[in-house]
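This report concerns only the one structure given below.
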Amino acid sequence: MDMGVQFLTDVGFPIAVTFYLLHRIEGKLDILIETIHQLPEKRA
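Residues 1 to 44, numbered by the working numbering, are exactly what the sequence shown covers, in order.
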């Protein structure tokens, strides 16, 4: 039982933090991509 809890602590927490950060960054990346696509239109 202790080994299972230790595994979840060692592996589960970093996975949860990674998914949380990816979820937060995803929206900002979408805005950045849209802005990059609009650059040629604004330069013309």
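Ideal Cβ positions, reconstructed from N, Cα and C, are used throughout, including at glycine.
Problem set entry | Straight-line Cα distance separating VAL5 from ILE33 | The count along the sequence shown starts at 1 and reaches residue 33 at position 33. The count along the sequence shown starts at 1 and reaches residue 5 at position 5. Their Cα atoms are separated by approximately 40 Å.
Exercise. Secondary structure at MET3, three-state DSSP: helix, strand or coil?
Worked result: Mapped onto the sequence shown, residue 3 falls at position 3. Helix.
Exercise. Considering VAL27, what are the terminal residues of the alpha helix (DSSP H) in which it resides?
Worked result: In the sequence shown, the residue the question calls residue 27 occupies position 27. According to the sequence displayed, residue 27 carries Gly and not Val. That run of the alpha helix (DSSP H) goes 13-43.
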